[in-house]
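**Student:** Provided herewith is a single structure, encoded as structure tokens, for subsequent inquiry.
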Amino acid sequence: MKLIITTNSLLQEELLAKNYDSCIDFRDKGGEYGYLYYENPYDDEKNALIRQTMEKKLNDLLQPLAIARTIGGAIGTQYSYIDFAIFDKDAFDIVMEDLQSKIHFDIHYQPFLKV
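Okay, so the sequence shown: first residue is 747 according to this note's numbering, each after it adds one.
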């Protein structure tokens, strides 16, 4: 990773230690922590701008609807990541499908806790 940004440092620490207590607790309350990732479309700093813009637009869309909230992410050498706290997974999936139809690169979603 070139850069990691988070608003949930405890979750980040647990994930790095392969401890999933926060993920299990959030799942037990009906939520899910996860991340969206995509291959970096550029070989320069444009990747950071794309990730930052996408994170802001997704948060502006999802948070008022109480579907999810962005909580950080990362930029790696090959992929960029946006982390989420998801409150309504079905609605989140619909938004992700719609997003995929509007952009010209593939996005993927992965929960942090694999059941």
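In this text, a Cβ means the ideal position worked out from N, Cα and C, and glycines have one as well.
If you're wondering where the values come from, they're calculated on a predicted model, not measured in any experiment.
Between Y691 and E785, how many whole angstroms is the CB-CB distance? I'm expecting something under 8 Å.
**Tutor:** Residue 691 cannot be examined here, being either before or after the span of the chain that is shown, 747 to 861.
**Student:** Based on DSSP bridge pairs, tell me the residues matched to S826.
**Tutor:** The residue labelled residue 826 in the question sits at position 80 within the sequence shown. Answer is Y784, I821, bridged to S826.
**Student:** Under the rule that 16 or more other beta-carbon atoms within 10 Å means buried, what is L804, buried or exposed?
**Tutor:** Translated into positions along the sequence shown, residue 804 becomes position 58. It counts as buried.
**Student:** So, D836 versus Y781, is the Cβ gap smaller than 7 Å?
**Tutor:** Counting from one through the sequence shown, the residue named residue 836 turns up at place 90. Counting from one through the sequence shown, the residue named residue 781 turns up at place 35. Their beta carbons are not under 7 Å apart, which means D836 does not touch Y781 by this criterion.
**Student:** Leaving aside the five residues before and after P787 along the sequence, list all residues of the same chain whose C-beta is less than 6 Å from its C-beta, in chain order.
**Tutor:** Translated into positions along the sequence shown, residue 787 becomes position 41. Answer for P787: F851, listed in chain order.
**Student:** May I ask you to report which of helix, strand or coil DSSP gives T752?
**Tutor:** Residue mapping note: residue 752 aligns to position 6 of the sequence shown, counting from 1. Of the three classes helix, strand and coil, the one that applies to T752 here is strand, per DSSP.
**Student:** Let me know if L808 comes out buried or exposed under the rule of 16 or more other beta-carbons within 10 Å of its beta-carbon.
**Tutor:** The sequence position of residue 808 within the sequence shown is 62, counting from 1. Buried, since its Cβ has 16 or more Cβ neighbours within 10 Å.
**Student:** Please confirm whether R813 and F772 have their CB atoms less than 7 Å apart.
**Tutor:** Looking up residue 813 in the sequence shown gives position 67. Looking up residue 772 in the sequence shown gives position 26. Note on residue identity: the sequence assigns Ile, not Arg, to residue 813. No, these two residues do not count as a Cβ contact at 7 Å.
**Student:** Assuming A831 contacts I817 (C-beta within less than 8 Å), just tell me the rounded distance between them.
**Tutor:** Residue numbering aside, residue 831 sits at position 85 when the sequence shown is read from its first letter. Residue numbering aside, residue 817 sits at position 71 when the sequence shown is read from its first letter. Confirmed, about 5 Å.
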